[in-house]
Amino acid sequence: MSIQADPPSQESPPPSRLSRWLAIAARLLWLELVGAYALLSLYVFMRRLGGLDGDNPGADFVIYYAASLLTLAGDPSAIFSWPELQQAQTSVISGPVHYLPWLYPPPLLLIAAPLAVLPYMPAFFVWVLGQLALLAVAVRGIGRAPMAILAAFIFPATVTNMLAGQNGALSAAILGGGLAILQRHPIAAGLVFGLLVYKPHLAIVLPFALLAMGAWRTIAAALASAAGISVLSMVVFGTKPWAAFLATIGAGTKVLEYGSAHWSKMATVFAALRLAGAEVSVAYAGQAIFTFLAIAAVVFLWRRGASLPLRASALIFATFLATPYAFFYDLVVLIFAILWLGRTPADITVAAGGRALLALLWLAPVALWLLARYSQIALWPLLLAVCLLWVLLKARQER
Numbered sequence: 399m400s401i402q403a404d405p406p407s408q409e410s411p412p413p414s415r416l417s418r419w420l421a422i423a424a425r426l427l428w429l430e431l432v433g434a435y436a437l438l439s440l441y442v443f444m445r446r447l448g449g450l451d452g453d454n455p456g457a458d459f460v461i462y463y464a465a466s467l468l469t470l471a472g473d474p475s476a477i478f479s480w481p482e483l484q485q486a487q488t489s490v491i492s493g494p495v496h497y498l499p500w501l502y503p504p505p506l507l508l509i510a511a512p513l514a515v516l517p518y519m520p521a522f523f524v525w526v527l528g529q530l531a532l533l534a535v536a537v538r539g540i541g542r543a544p545m546a547i548l549a550a551f552i553f554p555a556t557v558t559n560m561l562a563g564q565n566g567a568l569s570a571a572i573l574g575g576g577l578a579i580l581q582r583h584p585i586a587a588g589l590v591f592g593l594l595v596y597k598p599h600l601a602i603v604l605p606f607a608l609l610a611m612g613a614w615r616t617i618a619a620a621l622a623s624a625a626g627i628s629v630l631s632m633v634v635f636g637t638k639p640w641a642a643f644l645a646t647i648g649a650g651t652k653v654l655e656y657g658s659a660h661w662s663k664m665a666t667v668f669a670a671l672r673l674a675g676a677e678v679s680v681a682y683a684g685q686a687i688f689t690f691l692a693i694a695a696v697v698f699l700w701r702r703g704a705s706l707p708l709r710a711s712a713l714i715f716a717t718f719l720a721t722p723y724a725f726f727y728d729l730v731v732l733i734f735a736i737l738w739l740g741r742t743p744a745d746i747t748v749a750a751g752g753r754a755l756l757a758l759l760w761l762a763p764v765a766l767w768l769l770a771r772y773s774q775i776a777l778w779p780l781l782l783a784v785c786l787l788w789v790l791l792k793a794r795q796e797r
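Numbering-wise, the working numbering comes out as the position in the sequence shown, counting from 1, plus 398.
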C-alpha cells in the first residue's frame with residue numbers, strides 16, 4: 399500500500415513582521431495626513447462662517463432666506479427680479495452681502511418658503527440639520543450605518559456645503575438615496591428621483607441609465623413625481639414664478655459662460671476650459687465630447703448588468719462629466735461612490751491604486767478648489783474621468 403503525501407497547502411503565508419510594520423506606518427501616516435487636512439479645511443472654511451474674515455454665517459444661505467421673505471410677502475415671482483432679490487438680501491444681513499441670483503425652478507420654494515418664519519440663524523440651522531438628516535437616511539440605504547453616516551457627515555464636500563448654507567446635501571440625498579434603493583424598490587426610487595426637478599442638471603445622465611436598464615416602472619414613477627411636484631408648486635405659488643423662471647434661463651446661462659468668479663468653484667469640463675482661457679464655443683465643444691462619452695460609458699455599464707455599486711458610482715462620476723453646471727457643494731453625492739467602491743469585493747479591486755484613488759477623491763473637494771482658485775488649473779474633469787475609467791475596469795474584472 400502506497401502512502402500519498404499531503405498536497406501542498408494553498409493558504410497564503412502569514413504576513414511578515416516587516417509587512418505588518420509597514421501597514422501600521424501607512425495607517426499612522428494616513429491619520430497624520432487626515433489631521434493636517436482637517437486643520438487646513440477648518441482654516442479655509444471658518445472664513446465662510448465669519449471667524450476669520452468677517453463673512454456672514456452660511457454666506458450662501460442668504461439667498462434662500464431672502465427668497466422666503468419675498469414669498470411670504472406675497473409675491474414669489476419677485477425672487478427672479480434682481481433688484482427686489484438684492485434688496486431682500488440686504489435686509490437680511492447687517493454688513494457685506496455676497497449677492498446671489500435665484501436660478502432654481504419654483505419647486506425648491508416648497509421647502510425654502512417657510513424658512514423666514516424663523517429668525518435667520520435658527521432658520522440656517524434648521525436648513526443645515528434637515529439636510530444632514532435626509533443625507534443620513536439616504537446613506538443608510540447602502541447598509542453601512544453608522545460608520546457610513548459618520549463618513550458622509552465629515553466628508554469635506556459635506557462640510558463645505560453646510561458651512562456655505564447650500565443645498566448639496568439635499569440633492570445628494572435624492573440622487574444617492576434613489577440609487578441605493580433602486581434594485582429593492584424601483585417605484586420608490588423613481589419617486590425619489592423625481593425630486594431632482596428642482597435641480598435638473600444633476601439628472602442629465604440618469605434617464606439614459608434607466609432606459610439602458612429597462613427600468614420602466616422607475617421612469618414612470620420619476621416622471622409622475624416630477625410632474626406632481628411641479629403642479630403642486632403652481633397650485634401653491636401660482637404660474638407667475640414659472641414664467642419668471644423661464645424668462646431668466648438666459649441670465650443663468652450668462653453666469654455660466656462669463657461668470658469668471660465662479661469657474662474655480664465648479665467641477666465641470668466647461669468651467670475648467672473657461673478657467674484655462676478657452677473661448678465659450680471651445681468650452682461647449684469640449685463639454686459636448688465629455689457629455690457624450692460619459693453617457694456612453696454609463697449606458698454600457700447599465701446595459702451589461704454590472705453590480706449596483708459599480709453602476710451607481712459610474713453614474714455619479716458621469717453626471718459631473720456630462721453637466722456643464724455643477725458647483726463644489728454639489729459634490730456631496732460623491733460620498734455614495736466612495737462608500738460603494740470602498741466595499742466592493744477584494745478580488746475585483748486593484749487594491750493599492752484603488753485605495754489611493756478613493757483617498758484622493760475624499761480629499762479633492764477642498765484640495766482641487768484651492769488649486770483652481772490660486773493656479774487657474776481645474777483638475778476635476780481629469781479626476782472624475784480617471785474614476786469612471788477605473789469603474790469600467792472593475793466592471794470588466796467582475797465578469
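Beta carbons are placed, not taken as given, at the ideal position from N, Cα and C, and that holds for glycine.
Taking DSSP as the reference, what is the three-state secondary structure of residue i?
| i | result |
| --- | --- |
| L507 | helix |
| F459 | coil |
| F553 | coil |
| L450 | With a pLDDT of 38 at L450, under the threshold of 50, the modelled position of this residue cannot be trusted; read the value that follows with caution. Correct three-state label for L450: coil. |
| P764 | Going by the sequence as given, residue 764 is Val instead of Pro. Three-state DSSP puts V764 in a helix. |
| K638 | helix |
| Y518 | helix |
| L492 | Per the sequence shown, the amino acid found at residue 492 is Ser instead of Leu. Three-state DSSP puts S492 in coil, outside helix and strand. |
| G648 | helix |
| E677 | coil |
Going straight from the alpha carbon of residue i to that of residue j, what length do you get?
| i | j | result |
| --- | --- | --- |
| L654 | Y682 | 11 Å |
| Q487 | L644 | 22 Å |
| L580 | L756 | 24 Å |
| G456 | I491 | 11 Å |
| A649 | Q564 | 20 Å |
| E796 | W700 | 14 Å |
| L609 | E482 | 42 Å |
| Q485 | L577 | 40 Å |
| T651 | R753 | 38 Å |
| D473 | L498 | 19 Å |
| L786 | A471 | 47 Å |
| A669 | L548 | 31 Å |
So, residue i versus residue j, is the Cβ gap smaller than 7 Å?
| i | j | result |
| --- | --- | --- |
| A567 | G588 | no |
| A476 | L468 | yes |
| L513 | Y463 | yes |
| A571 | L532 | yes |
| L713 | I736 | no |
| A665 | A720 | no |
| S705 | L739 | no |
| V696 | A716 | yes |
| P504 | P639 | yes |
| L729 | P763 | yes |
Identify, in the order they occur along the chain, each residue of the same chain with its Cβ nearer than 7 Å to the Cβ of residue i, setting aside the five sequence neighbours on each side.
| i | result |
| --- | --- |
| L780 | none |
Where DSSP assigns a beta bridge to residue i, which residues make up the other side?
| i | result |
| --- | --- |
| F725 | M664 |
Which same chain residues, not among the five before or five after residue i, have their C-beta less than 8 Å away from its C-beta?
| i | result |
| --- | --- |
| V535 | A571, G575 |
Near residue i, which residues of its chain fall below 6 Å by C-beta distance, leaving aside the five closest residues on each side in sequence?
| i | result |
| --- | --- |
| D745 | Note that D745 scores 39 on pLDDT, short of 50, meaning its location in the model is unreliable and no value can be drawn from it. |
| D458 | A562, G563, Q564 |
| F718 | A665, A724, L782 |
| S623 | L589, G592 |
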